[in-house]
Structures are given as C-alpha cells and as structure tokens.
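What follows is a set of notes on a single structure, which appears directly below.
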Amino acid sequence: MKLTLGWFLLFSTLFNNGYGWSSEIFSESLKIAPLPDGRVSTTFSFNTVLEGALPRDPRSLTSQDASQHYVLFPLTLGQILREYAVTELHLSLNAGNWNYERWGYPEEKGVGTGAELLAWMGVEGSESVDDRWKGLRNALAGLFCASLGSLDEQRTTSPDRAFFPQGMLPDWSGNVTHQLRHASLPSEHVCTENLTPFLKLLPCKSLSGISSLLNPHRVFDADWHGMGVHVSWLGAAGVQVRLTFQSVMDPLRYSRNTSRNWSLRSLFGHGIERNCPAASSSVIEVTLPDSEHPSLTPQPQTSSGSKATYDVLTAEKTLDVAMQWQDGFQYPSILNNSLPVSVTRTLRGFTQASGKLSLVLKNRRSTPQELIYLETMPWFIQFYLHTLQTRIDGHLRDDIVSHMSYNAAVAHSRPTTFQAELRLPPNSVTQLTLDVDKAFLRYTEHPPDAQRGWDLPPAVLIPLNPADPINSNNSHTYNEYRLGEPIYTSTLLVDVATPDFSMPYNVIIFTCSLVAFIFGSVFNLLTRKFVVLHLDANQQNN
Amino acid sequence: MHLVAFLHVLGFLSSVWALNTSVVNDFFERNSAPGASKHTNNWAVLVCASRYWFNYRHMANALGMYRTVKRLGIPDSNIILMLADDASCNLRNKFPGSVYANPGRHLDLYGDNIEVDYRGYEVTVENFIRVLTGRVEPSVPRSKRLLSDERSNVFVYMTGHGGNEFLKFQDNEEISAFDIADAFEQMYQKKRYNEIFFMIDTCQANSMYSKFYSPNILATGSSKVGENSYSYANDNDIGVAVIDAFTHYILEYMEGINKTSQMSMQDLFNTYNPDKINSHPGVRSDLFRRPLDQALITDFFGGVAQAEVIPPIEDLGITDDAPPDLGDSLPAPEEATSLVKVSPSLFSHRPSDILSSSNVVDKKRTVQMWGGLCLVGGLAAWAFRKSASRRPNA
Numbered sequence: 001m002k003l004t005l006g007w008f009l010l011f012s013t014l015f016n017n018g019y020g021w022s023s024e025i026f027s028e029s030l031k032i033a034p035l036p037d038g039r040v041s042t043t044f045s046f047n048t049v050l051e052g053a054l055p056r057d058p059r060s061l062t063s064q065d066a067s068q069h070y071v072l073f074p075l076t077l078g079q080i081l082r083e084y085a086v087t088e089l090h091l092s093l094n095a096g097n098w099n100y101e102r103w104g105y106p107e108e109k110g111v112g113t114g115a116e117l118l119a120w121m122g123v124e125g126s127e128s129v130d131d132r133w134k135g136l137r138n139a140l141a142g143l144f145c146a147s148l149g150s151l152d153e154q155r156t157t158s159p160d161r162a163f164f165p166q167g168m169l170p171d172w173s174g175n176v177t178h179q180l181r182h183a184s185l186p187s188e189h190v191c192t193e194n195l196t197p198f199l200k201l202l203p204c205k206s207l208s209g210i211s212s213l214l215n216p217h218r219v220f221d222a223d224w225h226g227m228g229v230h231v232s233w234l235g236a237a238g239v240q241v242r243l244t245f246q247s248v249m250d251p252l253r254y255s256r257n258t259s260r261n262w263s264l265r266s267l268f269g270h271g272i273e274r275n276c277p278a279a280s281s282s283v284i285e286v287t288l289p290d291s292e293h294p295s296l297t298p299q300p301q302t303s304s305g306s307k308a309t310y311d312v313l314t315a316e317k318t319l320d321v322a323m324q325w326q327d328g329f330q331y332p333s334i335l336n337n338s339l340p341v342s343v344t345r346t347l348r349g350f351t352q353a354s355g356k357l358s359l360v361l362k363n364r365r366s367t368p369q370e371l372i373y374l375e376t377m378p379w380f381i382q383f384y385l386h387t388l389q390t391r392i393d394g395h396l397r398d399d400i401v402s403h404m405s406y407n408a409a410v411a412h413s414r415p416t417t418f419q420a421e422l423r424l425p426p427n428s429v430t431q432l433t434l435d436v437d438k439a440f441l442r443y444t445e446h447p448p449d450a451q452r453g454w455d456l457p458p459a460v461l462i463p464l465n466p467a468d469p470i471n472s473n474n475s476h477t478y479n480e481y482r483l484g485e486p487i488y489t490s491t492l493l494v495d496v497a498t499p500d501f502s503m504p505y506n507v508i509i510f511t512c513s514l515v516a517f518i519f520g521s522v523f524n525l526l527t528r529k530f531v532v533l534h535l536d537a538n539q540q541n542n
Numbered sequence: 001m002h003l004v005a006f007l008h009v010l011g012f013l014s015s016v017w018a019l020n021t022s023v024v025n026d027f028f029e030r031n032s033a034p035g036a037s038k039h040t041n042n043w044a045v046l047v048c049a050s051r052y053w054f055n056y057r058h059m060a061n062a063l064g065m066y067r068t069v070k071r072l073g074i075p076d077s078n079i080i081l082m083l084a085d086d087a088s089c090n091l092r093n094k095f096p097g098s099v100y101a102n103p104g105r106h107l108d109l110y111g112d113n114i115e116v117d118y119r120g121y122e123v124t125v126e127n128f129i130r131v132l133t134g135r136v137e138p139s140v141p142r143s144k145r146l147l148s149d150e151r152s153n154v155f156v157y158m159t160g161h162g163g164n165e166f167l168k169f170q171d172n173e174e175i176s177a178f179d180i181a182d183a184f185e186q187m188y189q190k191k192r193y194n195e196i197f198f199m200i201d202t203c204q205a206n207s208m209y210s211k212f213y214s215p216n217i218l219a220t221g222s223s224k225v226g227e228n229s230y231s232y233a234n235d236n237d238i239g240v241a242v243i244d245a246f247t248h249y250i251l252e253y254m255e256g257i258n259k260t261s262q263m264s265m266q267d268l269f270n271t272y273n274p275d276k277i278n279s280h281p282g283v284r285s286d287l288f289r290r291p292l293d294q295a296l297i298t299d300f301f302g303g304v305a306q307a308e309v310i311p312p313i314e315d316l317g318i319t320d321d322a323p324p325d326l327g328d329s330l331p332a333p334e335e336a337t338s339l340v341k342v343s344p345s346l347f348s349h350r351p352s353d354i355l356s357s358s359n360v361v362d363k364k365r366t367v368q369m370w371g372g373l374c375l376v377g378g379l380a381a382w383a384f385r386k387s388a389s390r391r392p393n394a
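So, in structure tokens, the structure goes:
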C-alpha cells in the first residue's frame, strides 16, 4: 500500500507542469451520528486538493488551455471547470426533506430538495457569464446524468446576499470581479445513475476504502439522502474538490424490536475490507450521544469527548464499526435542538388564480435573531410586494423586514428573486404573508404530468450571528462573516390552472352523443308507427 | 477549353476519391465473409416513453435491453438510454435502487453501474429526433449525443403505449411512424449509420416501421395492426406487471447469446411464438440488403470489434528506399496495354465493383492512378499552352 502511495506521489511530482501545482492530496472521511429520533446520520466526504492550482482566468478562454494531467483529481470535472472558467461550484442533488426539527443542522449545508447548482465565475473575457453558465450546467448534466440542462434562464438567479463563496475568489491580477449564478430544480430525482458517475470521480471508485460502503441499494433506501460536489479555491493551498454523500438511515425500520443498534454492515451491507491506497487519510468519526452510553465495537483508536475516531488505514480489516445500546428505544417526548429558528412555509388559498405565501418563523431564544430571507420563485408565481404583511402574535408590525431587494419576474423568461433581512424579537412567532398570483401557462409549457402541479424551490433562511459592536456598520460585505448556516424550507407544490388536455376527445364525445340523441329520436319518429292498443280487459287480468 | 480541363480535373479528383474509399472498403472487408456486416462500431438508442409507476414494465423493457447490449459489449458511452420516469428510486418501489423484470426478482436490471442519459421530462419526441439526427445544441454533452458514422450499426429500441402509426411519449405527445421514417432518412443522408435494427414493443407496433423508406434498415415489432401487446407477468411484491411478453421472450433468448455467438437475426426471428407472446410479431427486411441468416445478432446487440492480426513489418519485405506501392506500380508490358482499356473507367467511379483479388485490384488501381495523372497533366499543359499562346492576342 505504501509503495502504491509512493508511486502516486512520484507521478504527481513528475506531472508538475505549467500550472505549478506540486501534488494532489486525497483524503476521505465518514461521520456517523445517532440522531435523537433513533435514526442515524452518515456523511461521506471525499476531499481532493490540487495544491498550488489556480482557477482559469476567464480572459484566457480564447487561447488554448494547457493540457491537464491529474493523478487523483477528477479529470472529467477538471475539464469542465477549466472549459468554462468556473472558480467556485456547488452542486447538490437531494431526495426528501431535511427535518431540521428532529435532526438539527446537517453536516453538509446544502440540503434543499432536488437539484441546486451554485457557481461563481469571473466576469471579464470574451465569453459572457451566462453563456458559460449554460455550458456548465449542460456539461454537469451530462457528467452526473441529471436534468440540469433544464436549469435555464427561467430558473437562474443571482442572490448575492444570501450566498457567499466558501473559498476565495482570485482576481488574476487584473481586478476581475465574479458573478454568482444560482438555480434549483426541486422536482429532480436522485438515483443510481447519479451515484455511478459520482463514484467514478473518486480515485478508488467504490472498490476500496470508505467509498466501498456506498452501495446504491442501501443508500437509496435511506429516509433522506443527498450528494454534493463542492469546488472551491483555497488560495495558495490550491483548488479543492469535495464530493459528499449524506444520508439519514433508520435502524429501527430494519430491526424486529425497538433496537436502534447499527453497524456498517447493517447500514451499508458490508464493512470496509480494503484500504484505498490513494488516500492520505481515511477516518471514520462517530458522534457519541450525550446522555446515554452505548458501546462501540471495535474499540475506537482515539476517543475525545463526544467523538470516537477510527483510522481506516491502520485499523484491522474487515472494519465493521457497530454501536449497541443496552435498552430498547423510547421515542423522546421533547426533541431539543440547537436551531435558532424554526420555519414553516406554506402556500395557501384554494383557487388556481391566486394564493397567499405564508412563512411562520419561531424564535425560541431569548435574544433577537436576525436572518436573511431568500425566496426564488419561477415566473408563474408572481409576488405582490405591497401586500407583504408581518404579524407578531397576531399584531401587525412593520419593523421586522428591512433591506429588501426584489427582482421582479419576467413572464416566460426570468424568475423572481426576493431577498430581505428579518429581525425576529425574542421568544416570538412571526408570520409573513405575501399575496401571489398564479399565471396562466401556455399549453406547451405544462409538464407531461401537469395535473401533479409544479414543485417550487425551497426558500433559504440564513441566521446572522450577532453583530460585532466595533464594526457594526451594516455593509453587505460585512454580512459575509456573520452568515450562519442556512436553513432550507420544504418545497411547495403549486396547482396552476391546467387546460383540459383531453378536450378534443370530450368535444367528440359530446357531439357524438348529441348527434346520436337527435338522430335516434328523429329516426324513431320517422320509422315507428304509433298505434293505440286496445287491451282486452280479460286478458289483462290474466 | 478551360471548362473541359476543369471537368477533367474534377473527374480525376473524384476518381481518386473513389479509389480512396475503395481502399477503405477493402481494408474493412479484407477478412469478412460476403454477407458479413461492414460496421466498425455499435450504438444503441433505448427509449422508454412511458411515465408513471404503473408503467414499470416499460422501464424494465428498456433496462433489460440496456443490460443485454451492455453485456454483449456496447459501452455506456455508445448507449443512449432514455427513461421517462424513475422506477428504481420511486417511493412506491419496495426495492430501492432496483428494477426487476421477472416475478421472482432474480436479476436486478438497475445494478450498481448505470448511466441514464435522458430522464424524466427530458424524454420528449423532440429530444429523441434530435438524438437520432444529431441536430443538437453545441453545449449538449457527448453522453447525450448519438455520435455515429457511416460505419455504425445502430440498434433502436422503443417501448411505451402506442397505436396505429404512433407511439405516445409520457401520455403527452406522440411520435408518428412518419417522423421516425424521416429521421432515419435524415440519418442516412448524413451518413449516420451503416445499418439500423429497429425494434418496438407497443400495441400495433408493426405499423411503426411500415413507413420506413431508407436503405439498410431491419425492423421488428411486437404486434400487428389491430392487435395489442401484452405484459408478461406480475410481481406481487412490486405490485405491477414487470415486463412485456415480446421483450421478455427476446431477452430470454438473448441470455443464451454471448459475444462470440454466430447466431443470426433469422434465428432470433424464428423464436417468435405468437401463442406465447399473445400477439403476432412482425419483421420487415425488404430494406435490409443482407440475408437475415447472415446478419449476426451481435452485429446489432454486441460491440464486437473485429481485430486483425497482421504479421510484423519486416516479414512483409518492405525496404526503406522503395515503398511497396511504388515498386508495384511500374507497369509491366501486358499491363501497359490494359492501360488504354482501363482509363475510360477512371471517370466512372464504382468502388465496390473492383473486387476480385486484392493483388490485381492494387495493380489496376496504380495503373489507373498513373494513367489518370498523365492524362490530366497532358490536358493541363495543353490548356495552359493554348491560353498562353492566346494571351498576346488579347
């Protein structure tokens, strides 16, 4: 194993060419945390760093790019990043609603239902950001077998107050600014065809190491699952690609009794049998619950506080981490969580022409809570901003919403973007309502299953950490450092007016019935002979 | 005069082109039997045009074909798989990540390694025709394109709900038999295939191939006009029918085929049994130019690359100073006499006709080349002299 790793390092130094990166480092980790409701959250993270690399300067797109030689870094993804000069990229494909109330914050933040794509790209250069964005989403659609090609301009927004890059943005010594593009597709399914190309990006595929646990038949049986691709530039450290896979599994569902014991074998079908030779580190980290003390087998190599860690590279194989509780599971009566606020978003109203968007925010803390609220809606849901009303415990208030920015939708071409800052009083329930109109779609704009309705993308709420009193001038750039972890609301299903797609057949049926009725009556009248029958009274009695 | 010279040059160029294509033809046909296929690569377009869970069997049909062509050697990069709905990760599926095509659930068609190129709302008539004809936007990735050429054998499989001369896509739009026929004609004109094998499993399926008019298409369908196609079996745990009868019996036969199989399409068609299938499958071979008993199943279902082992270069006796084709081209006396006979045929390019033994063909060709070169050179010199002599007068 060591020898193979040595070869990898040797090769990566041999291929040290024009970009000036010196090496590629691959590390993998798996975090397992039992959740209060008896489920188990697992988070895989595969991290490849291309040391010393710099994202492509968009001004160099016209000239030939130097050839790319990677050993561990995924080439197919690297080609896409350089072809479209993408500095930072976040793609997530999730299935199901992340239940913040029960599960708390996720390990990976992007848990909005369906597909979500975020990219920062340099503005300068011959090719516009929008052209490159289009190319990027098509290329990713091909790479990940997802319908990202339909994230067109009707779904693309630039919510630059809600999202900030995780890494750094280079300016290539020429004051190149960056622009954000964001789009989400809540109706996207996630299945094996998305996981297959995902695993192909890893140096060990799903053959060895932690990635061998990603068995599609088990992970897609999870109550919630999602995968993510995160590319960012870490400055001098280079370009980082982080591939993540999260799932929430339910051992109670598999067990015959109320036991929530789990093991790698029971969750994923098998343990880890081989090391991934390309990995410089390979760690399994188990979070131990605070109150109870379940037993862990095998004995963890290091255990500090509430974390127990296993080093897969040195651990004895087959590694099958298991957690066992002494007693059966009692569902907790109170689920306490660390969330600053809880959110419920609904679309009310029963007509197909209008409705009311309602957001209920509950601040459980005894301190005021500031939030950034982002709402992106397809154009066929039109907001009326003047109808925005804020109520606290039933009383109208006008000091809750501030710093609004609103990009109105353009029919058939651009979605709505609504960003605002909310200030929630302590221990309060705030209700925001907005009147919306549902547009009348063209016949051809309806999806094949139009009667099911349209999925609306989730809203995002980003709690702001308390302002630093020294630097409390509320500038937007400063907000970047105050942003907490985002909370994605659930998606909504909206019922827009659908035409009667079978109308031609109905017309035919109605007309035919009418013709048959008239013809039948007339035919009867013309051909029947109406005579008066005299019945014999005696016969009638018989 | 200039015009005549120009025409001669044109004729010469076209004959050189024809000779070059005949070189290519020779290369590919050197070791093949007379009725063998001339393809060098295989492509498959597999379409499940039905949405919704109760159409599970259509997903299973397409996935069964996907498994078969992949097993017989067509790589994922050459398979365009279109699935209109997600059966495997559907919430109604009791077996997540799996699609089964038999009641006992013995074989998982979804497996661990699958690439679905068009899925969900992307499976539309427009996208299907764009894939076939190659008229896609520049940004469409390679995995969503049919990058076939004139040496490609393309297998097109479609399944869904249909009727007389149409197939429904997602209960929303239809593709007609004329649309597919025209798309195939466009493919033929754009040299996007060598041969097409079209298979369709739907009600009144045989009507779907009745409008084809482009050459080298072999077609089969599950039922004749006025007849329904039926499903094969239910699985009680999945709760719906899992596969259609026609596809089931084809896949059952295919399980016995491997990459080196010499079974022909005729053998496949002979297995059709209307009593078992509950409908009358049809075959259309009038556009197909090879006898069906010489068209191998692996010509369409397999990605079989014919490898030719050639002896090492020193065995051929090639020396550096005299390349073999130049050495051969020195015309022997009896060939010099034939030069006169051969040269008229220079301007009628019939590549495939010059096929007797490769040695004679080689010699003939070089003689033609030299003859043509002399003729055109002479003509050009003469035309140049004529124009040069005329110029002072002008």
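From first to last, the protein sequence lines are chains A and B.
Take 1 as the starting number for the first sequence in UniProt numbering and just add one per residue.
Take 1 as the starting number for the second sequence in UniProt numbering and just add one per residue.
Every residue gets a Cβ at the ideal spot worked out from N, C-alpha and C, and that includes glycine.
Could you have a look at residue 437 of chain A and say whether DSSP puts it in helix, strand or coil? strand
At the level of alpha carbons, what is the spacing between residue 216 of chain B and residue 287 of chain B? It is roughly 5 Å from the alpha-carbon of residue 216 of chain B to the alpha-carbon of residue 287 of chain B.
If you measure beta-carbon to beta-carbon, which residues of the segment 139-161 of chain A are closer than 9 Å to chain D? No chain D appears in this structure, whose protein chains are A and B.
Taking 8 Å as the CB-CB cut-off, is residue 153 of chain B touching chain A? It does not: the Cβ of residue 153 of chain B has no partner Cβ on chain A nearer than 8 Å.
Interface residues of chain A facing residue 98 of chain B [CB-CB closer than 7 Å]: 217
6 Å Cβ shell around residue 73 of chain A - same chain, five flanking residues per side excluded: 24, 48, 50
Let's test the definition: count the other Cβ atoms within 10 Å of the Cβ of residue 248 of chain B and tell me whether it reaches 16, buried, or not, exposed. Counting of Cβ neighbours within 10 angstroms places residue 248 of chain B among the buried residues, the total reaching 16 or more.
Which residues of the segment 43-63 of chain B have a Cβ closer than 7 Å to any Cβ of chain A? Give them in chain order. Per Cβ criterion, the list reads 51.
Let me check understanding here. Comparing Cα to Cα, which of B:147, B:240, B:237 lies closest to residue 193 of chain B? With distances taken between Cα atoms, residue 193 of chain B lies closest to B:147.
Can you give the Cα-Cα distance for residue 508 of chain A and residue 201 of chain B, rounded to whole angstroms? 29 Å
With the cut-off set at 8 Å, would you say residue 328 of chain A and residue 266 of chain A are in Cβ contact? no
Quick one: Cα of residue 281 of chain B to Cα of residue 240 of chain B, how far? 24 Å
Of the residues B:120, B:119, B:123, B:98, which one's Cα is nearest the Cα of residue 112 of chain B? B:98
For residue 170 of chain B and residue 448 of chain A, believed in contact at Cβ under 8 Å, the rounded distance: 4 Å
Can you find a C-beta in chain B that's less than 8 Å from the C-beta of residue 318 of chain A? no
Please list, in chain order, the residues of the segment 406-429 of chain A that have any C-beta partner in chain B closer than 7 Å. none
Going by beta carbon distance, what residues of the same chain come within less than 8 Å of residue 179 of chain B, once the five residues before and after it are set aside? 125, 129
With DSSP collapsed to three states, give me the class of residue 395 of chain A. strand
For residue 3 of chain A, three-class secondary structure by DSSP: Low local confidence applies: a pLDDT of 46 at residue 3 of chain A is under 50, so the model's placement there is unreliable, with the coordinate-based value given in what follows. DSSP places residue 3 of chain A in helix when its eight states are reduced to three.
Alpha carbon of residue 420 of chain A to alpha carbon of residue 176 of chain B, nearest angstrom: 51 Å
Beta-carbon contacts of residue 355 of chain A that lie in its chain and below 7 Å, excluding the five residues immediately before and after: Close CB contacts of residue 355 of chain A within its chain, under the 7 Å cut and outside five residues either way in sequence, are with 347, 348, 349, 436, 438 (chain order).
Within chain A, the residues that residue 141 of chain B reaches when beta carbons sit closer than 8 Å: 138, 139, 141, 142, 143
Taking Cβ-Cβ distances below 8 Å as the criterion, which residues of the segment 111-131 of chain B are in contact with chain A? 111, 112, 113, 114, 115, 116, 117, 119, 120, 121, 122
Distance, Cα to Cα, residue 417 of chain A vs residue 225 of chain A? 27 Å
When you compare the CB positions of residue 315 of chain A and residue 286 of chain A, do they come within less than 8 Å of one another, or not? no
Closest Cβ-Cβ distance between residue 447 of chain A and chain B: below 8 Å? Using a CB distance cut-off of 8 Å, residue 447 of chain A counts as an interface residue toward chain B.
Would DSSP call residue 26 of chain B helix, strand or coil? Three-state DSSP puts residue 26 of chain B in a helix.
Can you find a CB in chain A that lies within less than 8 Å of the CB of residue 191 of chain B? no
The beta strand (DSSP E) with residue 58 of chain B in it runs from where to where? Unbroken run through residue 58 of chain B is the alpha helix (DSSP H), 56-71; no beta strand (DSSP E).
Does DSSP classify residue 307 of chain A as helix, strand or coil? strand
Indicate whether residue 193 of chain A and residue 116 of chain B have their beta-carbon atoms separated by less than 8 Å. yes
Using a 10 Å radius around the Cβ and a threshold of 16 neighbouring Cβ atoms, would you call residue 123 of chain A buried or exposed? exposed
Other residues of its chain near residue 545 of chain A: CB distance less than 8 Å, five sequence neighbours each side excluded: In the structure as shown, chain A starts at 1 and stops at 542, and residue 545 of chain A therefore has no counterpart that could be examined.
Could you tell me if residue 530 of chain A is buried or exposed, where buried requires 16 or more neighbouring beta carbons within 10 angstroms of its beta carbon? exposed
Name the chain B residues that come within less than 8 Å of residue 107 of chain A, Cβ to Cβ? Proximity of chain B to residue 107 of chain A at the Cβ level (cut-off 8 Å) is not reached, the minimal Cβ distance being about 22 Å.
Best match in A:310, A:326, A:325 for proximity to residue 319 of chain A [C-alpha to C-alpha]: Of A:310, A:326, A:325, the smallest CA-CA separation from residue 319 of chain A is found for A:310.
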